[in-house]
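Read through the structure below, which is laid out as structure tokens, and then see the notes.
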Amino acid sequence: MRESTKMLLHYIAGVLIVVTGLIHLLANNDPGIGKLITGNVYLYLTNMAIFLAALLYHALNGVRVILIELVPDMCWTKLIGWAILLIGIATYIVGIQVLLMALGLV
Amino acid sequence: MMEQSSIDLWKPVKVVKLKIYRYNPKKDFSPKWKEYEIEVSRGTTILDALIRIKEEVDPSLSFRYSCGQALCGSCAMMVNGRQMLVCRTRVLEAAHNRDFVELRPLDNFPVIRDLAGDFTSFFEKHRAIKPWIIRRDFEELDNPTGEYKQTIEEYARYYQFTDCLKCGACYSACPTVATDHEYLGPQALAQAYRYMVDSRDDGLDERIAILDSDHGCWRCHFAASCSDVCPKYVDPAQGIQLLKKLIVRRKFGLKPHRPSDALPSKIGEVKRR
Numbered sequence: 049m050r051e052s053t054k055m056l057l058h059y060i061a062g063v064l065i066v067v068t069g070l071i072h073l074l075a076n077n078d079p080g081i082g083k084l085i086t087g088n089v090y091l092y093l094t095n096m097a098i099f100l101a102a103l104l105y106h107a108l109n110g111v112r113v114i115l116i117e118l119v120p121d122m123c124w125t126k127l128i129g130w131a132i133l134l135i136g137i138a139t140y141i142v143g144i145q146v147l148l149m150a151l152g153l154v
Numbered sequence: 003m004m005e006q007s008s009i010d011l012w013k014p015v016k017v018v019k020l021k022i023y024r025y026n027p028k029k030d031f032s033p034k035w036k037e038y039e040i041e042v043s044r045g046t047t048i049l050d051a052l053i054r055i056k057e058e059v060d061p062s063l064s065f066r067y068s069c070g071q072a073l074c075g076s077c078a079m080m081v082n083g084r085q086m087l088v089c090r091t092r093v094l095e096a097a098h099n100r101d102f103v104e105l106r107p108l109d110n111f112p113v114i115r116d117l118a119g120d121f122t123s124f125f126e127k128h129r130a131i132k133p134w135i136i137r138r139d140f141e142e143l144d145n146p147t148g149e150y151k152q153t154i155e156e157y158a159r160y161y162q163f164t165d166c167l168k169c170g171a172c173y174s175a176c177p178t179v180a181t182d183h184e185y186l187g188p189q190a191l192a193q194a195y196r197y198m199v200d201s202r203d204d205g206l207d208e209r210i211a212i213l214d215s216d217h218g219c220w221r222c223h224f225a226a227s228c229s230d231v232c233p234k235y236v237d238p239a240q241g242i243q244l245l246k247k248l249i250v251r252r253k254f255g256l257k258p259h260r261p262s263d264a265l266p267s268k269i270g271e272v273k274r275r
């Protein structure tokens, strides 16, 4: 994947965090809209799944950028990329599992 | 009257202390500072002062210079902590409200000796972006039938970037270069943009493959210190942001460029020059 794709996804993830985070805040704090979202468990789950994915991608890509700047060696750059990807996938799987359990779906 | 002001310009007016960084990596364990006192006039530049120190006080002092008129970019160094061309910075100007003028080599460059830095990596990065016009019409190149003409709008897209002296001031001021030694740096990236938007150039995709990499244009965090210190008022930070835009537009198959999108900030000065 080219660096421009990674960075474009980084910016898109940033926008998604704002949108889905706002929906999440409204769902938990606004009685009117909250009922609409929390009433449908799948809608709530989808929003949270997108929020978690965007948050993880944005944060971990930020960490990757910092690390490859600090350790500019090409071998390390690749290794850092793969390590961050694996950490991201593992964290996402755990996060979704916790979410499913909290919503009583598993 | 002209004669009078000319005499005033060279009449000694003050004794100024120059605090100069001295270091020979082959001999010295660590760098040290040495102070020199020198009588200066209104017109004495820091380069004049350095040459006088070398000729009259300390012949071992090393620094790099060439044209002495802000055209070659050889004499860039840190003056009171800021990247400047010493050939066009007057001593009195630098000593204003200060007890001394501090001179040290450019940041982000390994020291060769005293005030001279090693530009090898800087020029390697410059060469890496292929800083020349790439053409595909080999038949025309071998047997030319005419000129490659440009409109003023096409010229205006890259005009300001042609002023680059390769003095290394932007590279020295860049906070990303300070940590990421593989990062191409503002000078090379701005020059890449200069060639990529040139209507005569066919090397867009060839250069994108180099620039759209782990240590390419996306590592710029837009501190804009490069543009702040450029002695020729080029805006490399703007060039890098436009370069990112160019790459993204290319990625989505959009027309690479529209002249009105990227009129350089110095375009207003075209007529004045």
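Here the protein sequences come in this chain order: A and B. Throughout, our numbering is defined as the position within the first sequence, counted from one, plus 48. Throughout, our numbering is defined as the position within the second sequence, counted from one, plus 2. Positions of the beta carbon are idealized from the N, C-alpha and C atoms, including for glycine. It should be emphasised that the depicted structure is a prediction, and the values quoted were computed from it without experimental measurement.
| If we cut at 8 Å on Cβ distances, does B:A264 have a partner in chain A? | The pLDDT assigned to B:A264 is 46, lower than 50, so where the model puts this residue is not dependable, and the model offers no usable value.
| field | B:F102 (DSSP reduced to helix, strand or coil) | value | strand
| B:A225 in three-state terms, based on DSSP | coil
| Along the chain, where does the beta strand (DSSP E) that runs through B:A78 open and close? | 78-81
| Would a check of beta-carbon distances place B:R202 closer than 8 Å to chain A? | no
| said: Let me make sure I understand the geometry here. Which of B:T181, B:C166, B:S201 has the alpha-carbon closest to that of B:T153? | reply: B:S201
| said: Cβ closer than 8 Å: which chain A residues qualify as neighbours of B:V250? | reply: S52, L56
| So what does B:S43 bridge to, in DSSP terms? | B:P14
| field | Range of the contiguous beta strand (DSSP E) that encloses B:Q85 | value | 84-87
| C-beta neighbour in chain A for B:E286, strict 8 Å | A query on residue 286 of chain B cannot be resolved here, the shown segment of chain B reaching from 3 to 275 and no further.
| query | Taking A:K54 as the reference, which of A:L74, A:V142, A:G87, A:R112 has the closest Cα? | reply | A:R112
| Residues bridged to B:E37 (per DSSP) | B:K21
| 8 Å Cβ cutoff, B:S215 in contact with chain A | yes
| field | Beta bridge counterpart(s) of B:R115 as assigned by DSSP | value | B:A118
| Spatially closest choice to B:Q85 from B:Y161, B:A190, B:K234, B:T46, by CA coordinates | B:K234
| task | Would you kindly work out how many angstroms separate the C-alpha atoms of B:V272 and B:Q71, rounded to a whole number? | result | Here B:V272 scores only 39 on pLDDT, less than 50, and its place in the model should not be relied on; the value that follows carries that caveat. Cα-Cα distance, rounded: 21 Å.
| task | Using a Cβ cut-off of 8 Å (strictly closer), state whether B:G218 contacts chain A. | result | yes
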